[in-house]
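Residue numbers 2 to 172, in this note's numbering, belong to the letters of the sequence shown in order. Have a look at the structure below, then the notes.
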Amino acid sequence: MLAFVLGLVLYSGLNRDPHHVELAEKNLPFPEFSLSELQQPEEKITRSQLLGKVTVINVWASWCASCKQELAVLGQIASSLNQVQFYGVNYRDDRQAALNTLHRYSNPYQKNLYDPQGVLALAMGVYGTPETWLIDADGIIRQRYAGEMTQEIWQQQFAPLLTQWAKVGSL
2 MLAFVLGLVL YSGLNRDPHH VELAEKNLPF PEFSLSELQQ PEEKITRSQL
52 LGKVTVINVW ASWCASCKQE LAVLGQIASS LNQVQFYGVN YRDDRQAALN
102 TLHRYSNPYQ KNLYDPQGVL ALAMGVYGTP ETWLIDADGI IRQRYAGEMT
152 QEIWQQQFAP LLTQWAKVGS L
């Protein structure tokens, strides 16, 4: 019996998409936070600043090779979004290393939350970097992708929601 249960658990785990994350399905509110802005440490950013606009949040770090790879794609995506905020969460990183990475690879973010201890990332339930989140204007998590963002993934998983919201005037 134990072997059957273990086999069932293993089978269900192997059939799960590692990029599919349960939290977004539950339509939970994005967690409360107050963090400094990476490039302007005296500026504090809070959850309330996300409200009223759709926001894309990308969790990244300078030590993450996939994060560096996706910066160019994120820049293309961000430049195509007129009514959407595009924020980064710099995760468990050295401030200067993060700034150097943005200088070298480009900075797609309007604002960048500096999370050196990973407090916000822990509250978000971040599995690792990179992760990209879509938050609606009411601060509710609507989509989450764990892994390197590509144009194809964006078009399949994120763009349809933005198109839908634009049609009903939620953007």
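Yeah, the Cβ is synthetic: ideal placement off N, Cα and C, and Gly gets one too.
Note the first and the last residue of the continuous beta strand (DSSP E) segment covering Asn-91.
85 to 92
Enumerate, from N- to C-terminal direction, the unbroken beta strand (DSSP E) stretches of 3 or more residues contained entirely within the segment 86 to 152.
112 to 116, 132 to 136 and 142 to 147
Would you check if the distance between the CB atom of Val-60 and the CB atom of Val-127 is smaller than 8 angstroms?
yes
Taking the alpha carbon of Met-150 as the point to measure from, which residue in Asp-139, Lys-69, Thr-102 and Trp-166 has its own alpha carbon closest?
Lys-69
For Pro-161, which three-state DSSP category applies?
helix
By DSSP, does Glu-71 sit in helix, in strand, or in coil?
Reduced to three states, the DSSP call for Glu-71 is helix.
Hey, quick one: how far does the beta strand (DSSP E) through Lys-45 stretch, first residue to last?
45 to 47
Taking Cβ to Cβ, would you say Ala-147 is nearer than 8 angstroms to Phe-34?
no
Going by DSSP, what residue range makes up the beta strand (DSSP E) through Trp-64?
Where Trp-64 is concerned, there is no enclosing beta strand (DSSP E), given that its DSSP letter is neither H nor E.
Does the count of Cβ pairs from the segment 45 to 62 and the segment 98 to 116 closer than 8 angstroms reach three?
Short answer: they touch.
Going by DSSP in three states, Leu-29 sits in which element: helix, strand or coil?
Leu-29: coil per DSSP, three-state reduction.
Going by the DSSP bridge assignment, what does Leu-36 pair with across the sheet?
Ile-46
Would you please state the rounded distance, in angstroms, between the beta carbons of Leu-1 and Val-90? I believe it to be under 8 angstroms.
Absent from the model: residue 1. The displayed extent of the chain is 2 to 172, so no value can be given.
Measure the Cβ-Cβ separation of Val-55 and Ile-136 and say whether it is below 8 angstroms.
yes
Restricting to Cα atoms, I'd like to know which of Asn-108, Gly-170 and Lys-27 is closest to Ser-80.
Asn-108
Could you compute how far the alpha carbon of Leu-72 sits from the alpha carbon of Arg-48?
24 angstroms
So, at 8 angstroms on beta carbons, what are the nonlocal neighbours of Arg-93 in its own chain, with the 5 sequence-adjacent residues on each side left out?
Ala-62, Asp-116, Pro-117, Gln-118, Gly-119 and Ala-122
Just grab the DSSP bridge partners of Val-60 for me.
Val-90 and Glu-132
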